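What follows is a short report on a single structure.
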Amino acid sequence: MNTMGGMAPVSKHDTTVLIADDERLMRDLLASILKRCGFQHVLFAADGQQALDLMRQEGPSLGLAFLDIHMPGFSGIELLALAKHCCPACDCIIVSADSAVDNVMSSLSGGAAGFVVKPYTPKKIADVLARYTRGAQP
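Taking the numbering used here, the leading residue of the sequence shown gets 13, the next gets one more, and so forth.
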C-alpha cells in the first residue's frame, strides 16, 4: 500500500479531476499526488481557456477541479463562476501561491470547495481530498 508522508492513501475514485495551472511543474506535482491518492482520471489545462473547454466537454463526469487563481485566459475565480453552468456538480478547489485574505475570501464566497496554498504538499492535498471524499459519501 502506498503512503504519502506516512498517511494511508484515500480510496480510489472513478471521478474525473481537472488540474488547471499554467505552471507545468505544479500540474505534474499535483497529478502525482492525486494518483497516489487513488484518482486515476486526471485531465490537464495550461490556461483558463483550455480549462473551460475541458469543463464544457466533460460536463457531468467532471467531479473535482483544481484551478490556479492566476492563469492566462480566465482566472481560477472566473472559471469558478463559469463551472456552475457547464459542470454544476464539479467541486472546485482554488490553488495559489498568493494566500492574500482577499483571494481566499473571494474564492470561498464564489463557491469554491476549498483553497490550497502552493507549493503543494502531499499532506495539504490529502487533507482537501479527505474533506471532499467525506462529503461525497452517502
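Idealized CB from N, CA, C, for every residue including glycine. Since this is a predicted model, take the numbers as computed values, not measurements.
Tell me the residue span of the beta strand (DSSP E) that contains residue i.
i: C104; result: 103-108
i: G122; result: No beta strand (DSSP E) contains G122, which DSSP labels as neither H nor E.
Tell me whether residue i sits in a helix, a strand or coil according to DSSP, three-state version.
i: H82; result: coil
i: D26; result: strand
i: G75; result: strand
i: A32; result: strand
i: N14; result: Here the model assigns N14 a pLDDT of 38, short of 50, so the residue's position is not dependable, and the following value carries that caveat. The answer is coil: DSSP assigns N14 none of H, G, I, E or B.
Smallest Cα separation from residue i: which of the options?
i: D59; options: C98, V129, E90; result: E90
i: I142; options: M67, L120, L76, L64; result: The sequence given here places Ala at residue 142; Ile does not occur at that position. Comparing Cα-Cα distances from A142 to each of M67, L120, L76, L64, the minimum goes to L76.
Would you give the residue range spanned by the alpha helix (DSSP H) that residue i belongs to?
i: A11; result: Residue coverage of the chain in this structure runs from 13 to 150, which leaves residue 11 outside it and unanswerable.
i: A112; result: No alpha helix (DSSP H) holds A112; DSSP gives it neither H nor E.
i: C98; result: 88-98
Determine whether the beta carbon atoms of residue i and residue j lie at a separation below 8 Å.
i: C99; j: G71; result: yes
i: K130; j: M38; result: yes
i: L79; j: G88; result: yes
i: F51; j: I31; result: no
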